[in-house]
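Protein chains in written order, with the working numbering: chain D, 312 to 580; chain U, 27 to 520.
Below is one structure; the comments refer to it alone.
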């Protein structure tokens with residue numbers, strides 16, 4: 312389905328000249344659950360090969376926004392383009408088109424959502440083998456490499472229940488990467504973990520950013536967002552209240568609400 | 027490994043479907059046409075008979091269907107130059123089965139009376155008997171029909187004997203055959219059995235039973251003949267054959283063989299002594315096992331697999347967002363769970379022929395059982411699918427699966443673990459429920475035991491053996507269940 316991811320990434324880095332290339336563009340995205348308007352017209356762009364962190368208070372719509380980028384929650388309105396696929400959600404969208412759209416991104420869940428009945432390796436190869444129908448030898452080789460990359464090559468034949476929370480989440484990341492997505496989405500990847508396991512997951516994500524993957528990360532780890540991301544979006548009450556570089560949004564927030572939020576997070580007592 | 031299992035499963039399902047479909051079409055193929063001509067051209071006379079009503083229709087020690095009515099029917103077939111095929115049917119469904127064109131005539135001591143004459147073609151009589159009242163030997167309270175008032179009689183509920191007992195003030199306990207009636211009398215559960223003198227003499231001679239006696243005779247002369255569907259066109263031929271058989275001495279000879287010897291009692295002494303119960307069990311271990319292996323087990327397996335396929339479809343329909351679809355599924359489940367399995371069997375077998383759908387016994391049983399399993403298992407499958415967290419559907423979606431793919435690869439394998447214990451329950455119930463197929467002419471394990479038990483009066487030995495067989499099958503299934511559960515639990519933390 313996708314062409315060779317590694318080469319693509321290399322090319323992306325090489326081509327990063329003066330012409331800006333966007334991996335994601337979102338325009339006027341709206342979503343309501345019943346009477347509750349969660350997204351009230353959100354627009355932003357994500358440059359190819361960059362990491363974007365979405366921060367904001369609970370209920371501000373950040374997870375819904377992330378899920379919209381993968382059509383897990385279908386927006387009610389708005390146009391989203393991921394790589395070469397653009398969908399106008401205000402119109403009825405045929406299912407194959409949605410699946411094509413979804414195939415451009417990988418998704419890492421807060422609660423990992425690994426398939427408990429499959430081994431670590433099978434979790435990773437399921438998509439490439441069964442959905443993308445790529446050759447078995449190639450898929451397994453790549454999966455083992457990915458496991459090596461997240462430091463779990465030794466665990467490939469174990470079942471998810473035999474792993475720690477941090478290990479499960481790293482397998483979840485490898486599973487998303489195995490699909491060779493153009494964009495990887497992270498939904499609070501560390502908030503279900505014990506504090507001592509957070510580091511191992513964040514460092515894997517950091518490596519991905521360095522490698523040049525295009526990432527969008529919903530997170531409460533402000534320091535991590537500051538270190539890793541090229542762009543920070545602060546969402547509040549269904550809109551993006553503030554966006555910019557980490558230095559701008561986290562280091563020197565313009566909006567009062569952003570300041571309040573950061574203050575609460577960084578100085579909980 | 028799982029790949030081959032899946033392939034094998036698929037093959038079995040296909041095979042079962044093809045089998046069921048083919049027998050339906052062949053059964054529906056021949057309409058009820060041209061009667062007597064059909065008899066000659068088909069070359070077959072299909073005869074409905076009980077097979078558990080000694081000495082008229084029963085299985086002898088070598089499991090051959092014999093008896094007075096059976097031999098007379100065979101002789102009539104010879105006279106007419108056609109082959110005789112017997113269809114063993116419980117008495118209570120005999121006329122329903124006749125109407126449903128399961129066979130052409132009934133040869134089962136059908137007593138000629140005006141009501142029957144209105145509804146059926148009845149031949150000239152080939153047996154004439156007298157009604158007698160049987161009591162326990164020590165019971166002197168009954169001297170005539172009038173003394174039946176307030177007593178309890180064991181009778182076939184639809185027989186003329188039951189009517190006679192009721193008319194004289196007795197309460198009638200329903201039984202399935204004469205043998206069972208006598209058993210109840212022996213056990214003191216009823217006071218009297220009213221039946222034909224011939225059957226009673228045969229019983230006394232055969233068993234040497236001294237605990238019962240003929241207490242009184244009735245004026246009831248009974249004339250027994252063949253019954254055919256109204257306007258069957260068969261009567262002239264049947265009556266002519268019977269007359270020929272009477273004239274050439276065949277009928278008296280058959281009568282001699284089964285009846286006169288027993289009436290005289292002289293030859294009864296020379297008869298082989300009753301088999302011991304152990305010998306009977308030993309002799310019938312294999313026939314019963316064979317019935318279990320060739321009928322009960324295939325019936326269970328095919329019905330269960332088809333039932334699971336139906337159940338999966340119904341469960342998915344029930345979970346569907348389409349209101350029409352989910353309501354149809356709801357209705358189906360409610361209907362199946364809200365009606366007795368026995369009634370479902372009877373509808374498929376005895377009622378559908380009224381609409382021109384005639385299905386052979388075995389496929390009819392498979393249809394009824396699979397529909398039944400489908401209703402029960404649908405709810406199990408639905409709840410097991412719903413027990414899988416929503417995150418699993420979402421994860422499957424993000425790695426590119428559509429609905430069917432997610433269901434097949436991700437959801438169902440996990441749901442299976444949840445569903446196996448309750449589905450095993452359904453399977454084990456099904457094994458035992460297949461005994462109900464005996465009522466729609468399927469000669470499975472229980473029916474085979476009935477056939478052997480009826481003429482020998484050894485109910486405990488044979489029904490006990492059948493019970494042991496059912497139990498063994500269920501033990502094996504329980505063992506398989508725990509192995510399967512252990513296999514499916516391998517990915518769960520303990």
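Note that CB positions come from ideal geometry on N, CA and C, so glycine has one too.
DSSP places residue 449 of chain D in no beta strand (DSSP E) but in the uninterrupted alpha helix (DSSP H) bounded by 447–460.
Counting of Cβ neighbours within 10 angstroms places residue 240 of chain U among the exposed residues, the total staying below 16.
Comparing alpha-carbon positions, the option among D:419, D:365 and D:479 lying closest to residue 421 of chain U turns out to be D:419. Closer than 9 Å at the C-beta level to chain U, one finds these residues of the region 471–501 of chain D: 471, 472, 473, 483, 486, 487, 489, 490 and 496. Counting along the chain, residue 146 of chain U sits inside the beta strand (DSSP E) bounded by residues 146–148. Among the bridge pairs identified by DSSP, residue 531 of chain D is matched with none.
Between residue 431 of chain D and residue 469 of chain D, the C-beta spacing is below 8 Å. Residues of the region 418–430 of chain D with a Cβ closer than 7 Å to any Cβ of chain U, in chain order: 418, 420, 422, 424, 426, 427 and 428.
Interface flag for residue 383 of chain D against chain U is set, since a Cβ pair is found closer than 8 Å. For the 8 Å CB-CB criterion, residue 123 of chain U and residue 99 of chain U do not form a contact. Fully contained in the region 350–387 of chain U are the following alpha helix (DSSP H) runs of length 4 or more, in chain order: 367–372. Between residue 428 of chain U and chain D, the shortest Cβ-Cβ separation is below 8 Å. Looking at D:333, D:483 and D:366, the one whose alpha-carbon comes closest to that of residue 573 of chain D is D:366.
Using beta-carbon distances, residue 413 of chain D counts as an interface residue toward chain U, with a partner under 8 Å.
A straight line joining the alpha-carbon of residue 492 of chain D with that of residue 518 of chain D spans about 16 Å.
The beta carbon of residue 445 of chain D does not come within 8 Å of any beta carbon belonging to chain U, so the residue lies off that interface. Contact with chain U is absent for residue 404 of chain D, since none of that chain's Cβ atoms lies less than 8 Å from the residue's Cβ. Nearest in C-alpha terms to residue 445 of chain D, of all of D:455, D:335, D:505 and D:490, is D:490.
Taking a contact to require three or more Cβ pairs closer than 8 Å, the region 404–416 of chain U and the region 429–442 of chain U qualify as touching. Residues of chain D with a Cβ closer than 8 Å to the Cβ of residue 423 of chain U are, in chain order, 383 and 413. The CB of residue 410 of chain D comes closer than 8 Å to the CB of 426 and 428 in chain U, given here in chain order. Closest by C-alpha distance to residue 148 of chain U, out of U:162, U:251 and U:135, is U:251. DSSP places residue 127 of chain U in the coil class of the three-state scheme, outside both helix and strand. Residue 217 of chain U counts as buried, since at least 16 other C-beta atoms from the protein chains shown sit within 10 angstroms of its C-beta. The count of Cβ pairs closer than 8 Å, one atom from the region 373–390 of chain D and one from the region 335–349 of chain D, reaches three, so the stretches are in contact. Each of U:502, U:106, U:121 and U:456 was checked against the Cα of residue 256 of chain U, and the nearest Cα belongs to U:121.
Residue-level contact by beta carbon holds for residue 436 of chain U and chain D, with a gap shorter than 8 Å.
Comparing C-alpha distances from residue 441 of chain D to each of U:432, U:509 and U:446 shows the shortest one belongs to U:432.
With the criterion set as a beta carbon lying under 8 Å from some beta carbon of chain D, the members of the region 437–460 of chain U are 439, 440 and 443, in sequence order. No Cβ-Cβ contact shorter than 8 Å links residue 363 of chain D with residue 578 of chain D. For residue 420 of chain U, the closest Cβ of chain D is nearer than 8 Å. Taking 8 Å as the cut-off, the Cβ atoms of residue 479 of chain D and residue 471 of chain D count as close. About 7 Å separates the beta carbons of residue 158 of chain U and residue 221 of chain U, which is inside the 8 Å limit, making them a contact pair. Residue 358 of chain D and residue 499 of chain D have their alpha carbons spaced roughly 21 Å apart. Identification of chain U residues near residue 437 of chain D by a Cβ-Cβ cut-off of 9 Å yields 422, 425, 427, 435 and 436, ordered along the chain. Listed in chain order, the non-local C-beta contacts of residue 348 of chain D below 7 Å within the same chain comprise 549, local neighbours out to five positions each way being set aside.
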